[in-house]
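Student: This structure is in structure tokens; I'll ask about it shortly.
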Amino acid sequence: MRPIVSIAAALLAAGIGLGAFGAHALRDRFSEYQMMVYEKALFYHFLNSLGLLLVALLPKLNILNRSDTVRISAFLIFGIVVFSGSLYLLSITKKKW
Numbered sequence: 022m023r024p025i026v027s028i029a030a031a032l033l034a035a036g037i038g039l040g041a042f043g044a045h046a047l048r049d050r051f052s053e054y055q056m057m058v059y060e061k062a063l064f065y066h067f068l069n070s071l072g073l074l075l076v077a078l079l080p081k082l083n084i085l086n087r088s089d090t091v092r093i094s095a096f097l098i099f100g101i102v103v104f105s106g107s108l109y110l111l112s113i114t115k116k117k118w
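Position 53 (the sequence shown) corresponds to 74 in our numbering; numbering is contiguous.
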């Protein structure tokens, strides 16, 4: 499950980078609403990334088999891309939900 651990680590690093970017570059440019949406995207980005890391470690404990691990990992990655991605876009476009 090394590829999944690598993907989880990359997504966590991206989350840290996006968090730092938001805190330093966007804080003065975003409205309070935009910042709230951006922070919510980061929260779910981190939550799913940590979940992905946990799922990658479960086969070593004989809790999940390989096919279940791959399937769950795909759903978690999909969640980051679709849900967090849509919130990132929503915060950048200044549209209200």
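The beta-carbon is built from N, C-alpha and C at its ideal position, and this holds for glycine as well. Note that the structure is a prediction, hence the values are computed from the model and not measured.
Below 8 Å on the Cβ atoms is my guess for residue 26 versus residue 95; work out the distance and round it to an integer in Å.
Tutor: That belief does not hold up - the Cβ atoms of residue 26 and residue 95 are roughly 15 Å apart, past 8 Å.
Student: Considering only the beta carbon of each residue, do residue 54 and residue 43 sit closer than 8 Å?
Tutor: Between residue 54 and residue 43, the gap from beta carbon to beta carbon reaches 8 Å or more.
Student: To the nearest angstrom, how far is the alpha carbon of residue 33 from that of residue 98?
Tutor: 12 Å
Student: What number of angstroms, rounded off, separates the C-alpha of residue 79 from the C-alpha of residue 63?
Tutor: 24 Å
Student: Report the three-state DSSP secondary structure of residue 92 (helix, strand or coil).
Tutor: helix
Student: Could you check the C-alpha separation between residue 40 and residue 81 for me, to the nearest Å?
Tutor: 31 Å
Student: Is the separation between the beta-carbon of residue 35 and that of residue 73 shorter than 8 Å?
Tutor: no
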